[in-house]
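Novice: Here it is, the structure, as structure tokens.
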Amino acid sequence: MRWHRAAVIAVGVWFAVTAVRAEAPGPGALGGNRYRVIVSTDIGGGDEDDIQSMIHYLLYADLFDTEGLVSSPPQQGRKDDILKVIDAYEKDYPNLRTWSDRYPAPEFLRSISKQGATAPAPAAGYDRPTEGSRWIIRCAHRKDPRPLHVLVWGAITDVAQALHDDPAIRDRLRVYFIASWNLRHDRNAFAYIEQHHKDLWMIVCDTTFRGWYMGGERGPALGNRTFVEQHVKGHGALGEMFAPLKGGQIKMGDTPSVAFLLRGTPEDPTQPSWGGRFVPRPDRPHGWIDDPDPILAEGDKTGAKTVSRWRVDYLGDFAKRLDRCRTAAK
Numbered sequence: 000m001r002w003h004r005a006a007v008i009a010v011g012v013w014f015a016v017t018a019v020r021a022e023a024p025g026p027g028a029l030g031g032n033r034y035r036v037i038v039s040t041d042i043g044g045g046d047e048d049d050i051q052s053m054i055h056y057l058l059y060a061d062l063f064d065t066e067g068l069v070s071s072p073p074q075q076g077r078k079d080d081i082l083k084v085i086d087a088y089e090k091d092y093p094n095l096r097t098w099s100d101r102y103p104a105p106e107f108l109r110s111i112s113k114q115g116a117t118a119p120a121p122a123a124g125y126d127r128p129t130e131g132s133r134w135i136i137r138c139a140h141r142k143d144p145r146p147l148h149v150l151v152w153g154a155i156t157d158v159a160q161a162l163h164d165d166p167a168i169r170d171r172l173r174v175y176f177i178a179s180w181n182l183r184h185d186r187n188a189f190a191y192i193e194q195h196h197k198d199l200w201m202i203v204c205d206t207t208f209r210g211w212y213m214g215g216e217r218g219p220a221l222g223n224r225t226f227v228e229q230h231v232k233g234h235g236a237l238g239e240m241f242a243p244l245k246g247g248q249i250k251m252g253d254t255p256s257v258a259f260l261l262r263g264t265p266e267d268p269t270q271p272s273w274g275g276r277f278v279p280r281p282d283r284p285h286g287w288i289d290d291p292d293p294i295l296a297e298g299d300k301t302g303a304k305t306v307s308r309w310r311v312d313y314l315g316d317f318a319k320r321l322d323r324c325r326t327a328a329k
């Protein structure tokens, strides 16, 4: 992408301006801040990591005001695949409720699960409204002073459709897009946003997210496989759903979008967070991309160390959440 090359040139100036920064992530949702969230996911089509990420999200759902779960392209998954995870959540819900009375009821989660587009956008970058795109618009217009965080785990198709149908929602949205493969499978929707909504607040996370499962401190219980064996298996219905996925290993490639809200300063993506740290796009007033500093790469995955450096913290916290499925609070 051309703007990645421009960012490499601009990053020296950016570092000079941000030389003094906090090393620890901001408080985020774990520190008591509540964020409005819609998740747009290609869950169920083939890559099992969206199921892993949805399980993780639901275990932290007491910390968020979840407003929508939207099934999106490019995979063959549908809303029913979201509902299957909610079915497992329902089995663990009695235990989870003893830990926090703010866990959303399974019935509520089913009511906000929506079917989005079932295919990538045509050349124009948009098509017909979907249940999912209409829901994004409806939520964006709610009388709530907080912005609406849209976490895009699949193609950005439904976000593009919503912006086309009602451009007035643009300033209300905060989009964290797990790009990479998802971008390649709907370039038209992304190109439409790039051309017609240049002021959209959006993080384009192309490789930073890979730090969730690449690099970082491992230890005997923090490997991608050993974590599942020691902290996931036998931990309620959600743990049993998670355990066999991806060959019994962690991937959870979409989870950094959630972790960005859990620990960090979401209003400033240049600050450290569990979901990565990003640099401003030189061609966008409210756009951020992977940090191109080679020191922060895991192999050829730019910016991934801005996630992997927090591995002990975010997996340790996730293990505690999984324990909630197994036992009620005392």
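For the sequence shown, numbering that gives the first Met the number 0 gives the first residue as 0, with consecutive numbering after it.
Here a beta-carbon is modelled for each residue, glycine too, at the ideal position from N, C-alpha and C.
Taking buried to mean at least 16 other C-beta atoms within 10 Å of its own C-beta, is P219 buried or exposed?
Specialist: Its Cβ having fewer than 16 others within 10 Å, P219 is exposed.
Novice: Following the continuous beta strand (DSSP E) through V149, name the residue where it begins and the one where it ends.
Specialist: That run of the beta strand (DSSP E) goes 147 to 151.
Novice: The alpha helix (DSSP H) spanning L321 covers which residue range?
Specialist: Counting along the chain, the alpha helix (DSSP H) containing L321 begins and ends at 310 to 325.
Novice: Enumerate in chain order the residues of its own chain whose CB-to-CB distance from G298 is below 6 Å, with the five nearest sequence positions on each side excluded.
Specialist: For G298, where only same-chain residues beyond five positions count, there are no Cβ hits under 6 Å.
Novice: Classify R310: buried if its beta carbon has 16 or more other beta carbons within 10 angstroms, exposed otherwise.
Specialist: By the 10 Å Cβ count, R310 comes out buried.
Novice: On the premise that Y125 lies in contact with A104, defined as a C-beta separation below 8 Å, what is that separation, rounded to the nearest angstrom?
Specialist: A104 to Y125, Cβ: 34 Å. No contact.
Novice: Have a look at R35, H55, A318 and flag the residue whose alpha-carbon is nearest the alpha-carbon of D253.
Specialist: Taking only the C-alpha atoms, the option nearest D253 is H55.
Novice: Go ahead and pull the three-state DSSP assignment for R173.
Specialist: Residue state, collapsed to three classes: strand.
Novice: Where does P271 sit, in a helix, a strand or coil, going by DSSP?
Specialist: In the structure shown, P271 sits in coil (DSSP, three-state: anything other than H, G, I, E or B).
Novice: What beta strand (DSSP E) runs, 3 residues minimum, are completely inside the region 89 to 149?
Specialist: Whole beta strand (DSSP E) segments, 3+ residues: 112 to 114.
Novice: Is the beta carbon of G286 sitting closer than 8 Å to the one on M201?
Specialist: Taking 8 Å as the Cβ cut-off, G286 and M201 qualify as a contacting pair.
Novice: If you run the structure through DSSP and keep just helix, strand and coil, what is L221?
Specialist: Looking at L221 - three-state DSSP - the assignment turns out to be coil, as it is neither helix nor strand.
Novice: Given this structure, state the Cα-to-Cα distance separating G30 from D282, to the nearest angstrom.
Specialist: About 33 Å.
Novice: When the Cα of G214 is compared with those of T305, K245, D185, N94, which residue comes out closest?
Specialist: Minimum Cα distance to G214 is reached at T305.
Novice: Nearest-angstrom Cα distance between A327 and D91?
Specialist: Computed Cα separation, rounded: 10 Å.
Novice: Can you tell me where the alpha helix (DSSP H) holding D282 begins and where it ends?
Specialist: From DSSP, D282 is part of no alpha helix (DSSP H); its letter is neither H nor E.
Novice: By how many angstroms is the C-alpha of P73 removed from the C-alpha of L150?
Specialist: One C-alpha to the other measures close to 16 Å.
Novice: Below 7 Å CB to CB, which residues in the same chain sit around D48 once its five sequence neighbours on both sides are set aside?
Specialist: Closer than 7 Å at the Cβ level, and outside the excluded window around D48, lie K245, K250, M251, G252, D253.
Novice: Starting from D157, trace the alpha helix (DSSP H) in both directions and tell me its first and last residue.
Specialist: Element bounds for D157: 156 to 164.
Novice: For S112, which option in Y59, K319, T65, Q51 has the closest C-alpha, if you only look at C-alpha atoms?
Specialist: Nearest C-alpha to S112: T65.
Novice: Assuming the contact rule is C-beta atoms closer than 8 Å, T156 and A116 should be a hit. Round their C-beta distance to whole Å, please.
Specialist: That belief holds up - the Cβ atoms of T156 and A116 are roughly 4 Å apart, short of 8 Å.
Novice: Would you call the CB atoms of R35 and R145 closer than 8 Å?
Specialist: Taking 8 Å as the Cβ cut-off, R35 and R145 qualify as a contacting pair.
Novice: Which residues mark the beginning and the end of the beta strand (DSSP E) in which D185 is found?
Specialist: Here D185 belongs to no beta strand (DSSP E), and DSSP marks it neither H nor E.
Novice: Is it true that the region 167 to 186 meets the region 128 to 148, where meeting means three or more beta-carbon pairs spaced less than 8 Å apart?
Specialist: In short, these stretches touch, since the Cβ pair count reaches three.
Novice: Run the CB neighbour count on T97, radius 10 Å, all protein chains shown included, and call it buried at 16 or more, exposed below.
Specialist: T97 is exposed by the Cβ-count criterion.
Novice: Under a three-way DSSP split, which group does E334 fall into?
Specialist: This structure does not reach residue 334, given that the chain is present from 0 up to 329, and the question cannot be answered.
Novice: Under a Cβ-count criterion, where at least 16 other Cβ atoms within 10 Å of its own Cβ denotes burial, should F259 be classed as buried or exposed?
Specialist: Classification of F259: buried, given that the 10 Å Cβ count is 16 or more.
Novice: Going by DSSP in three states, L68 sits in which element: helix, strand or coil?
Specialist: Three-state result, L68: strand.
Novice: What separation, rounded to the nearest whole angstrom, lies between the Cα atoms of P291 and G302?
Specialist: Cα to Cα, the separation comes out at about 6 Å.
Novice: Could you tell me which residues DSSP puts in a beta bridge with I202?
Specialist: According to DSSP, I202 bridges with Y175, W287.
Novice: Please determine, among T225, C204, D143, the residue with the shortest C-alpha to C-alpha distance to Q248.
Specialist: The residue with the shortest Cα to Cα distance from Q248 is T225.
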